[in-house]
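This report refers to the structure that appears directly beneath it.
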């Protein structure tokens, strides 16, 4: 199996994990009602019509198409980048796999539902982090890894 095909397999696994957890959350949780799991963690089903952390969620509907198109274009660009990644660039490939898998996971929601299903909800004291999902976690981890790689990579003079 080629390096790229192996990477596509990992992307597929992220998408499957994301979609399965969203289906389970949507079928077993009540919209807007928190189910306490730990003192700092709840499962709270929310339908996010915006972007990450509900950005533009109440913009009136046009944002669905904006985020759908942006997700699609960015996913294609990152897939091309991943295709050009060499086997020795494993960390870069991992970062791209995480971002692409998460982006496509949320893109599937936007296409079929018109919103993204969020259900993971952390809080400490009076501070509540916005609800998110596996795809959001994947995108965030991939972006952080890309930043670390770019900082640590020696610059060519």
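Residue numbers (the numbering used here): 8 to 164. Here a beta-carbon is modelled for each residue, glycine too, at the ideal position from N, C-alpha and C. These numbers were taken from a predicted model, which means no experiment stands behind them.
Could you spell out where the beta strand (DSSP E) holding residue i opens and where it closes?
i: residue 98; result: Taken as a continuous stretch (DSSP letters only), residue 98 belongs to no beta strand (DSSP E), being part of the alpha helix (DSSP H) at 97-120.
i: residue 138; result: Looking at the DSSP string, residue 138 is not in any beta strand (DSSP E), and its letter there is neither H nor E.
i: residue 40; result: No beta strand (DSSP E) holds residue 40; DSSP gives it neither H nor E.
Strictly by DSSP, which residues pair up with residue i?
i: residue 55; result: 123
i: residue 145; result: None, per the DSSP bridge assignment.
i: residue 79; result: Partner(s): none; residue 79 has no beta bridge.
i: residue 50; result: 42 and 127
Would you call residue i buried or exposed, if buried means 16 or more other Cβ atoms sit within 10 Å of its Cβ?
i: residue 151; result: exposed
i: residue 34; result: exposed
i: residue 97; result: exposed
i: residue 43; result: exposed
Alpha carbon to alpha carbon, what distance is there between residue j and residue i?
i: residue 93; j: residue 144; result: 25 Å
i: residue 137; j: residue 11; result: 34 Å
Cutting at 7 Å between CB atoms, please list the residues of its own chain near residue i, excluding the five before and the five after it.
i: residue 131; result: 47
i: residue 81; result: 110
Leaving out the 5 sequence neighbours to the left and right, which residues in its chain are closer than 6 Å to residue i when beta-carbon positions are compared?
i: residue 149; result: 102, 105 and 106
Under DSSP, the alpha helix (DSSP H) around residue i begins and ends at which residues?
i: residue 13; result: 10-35
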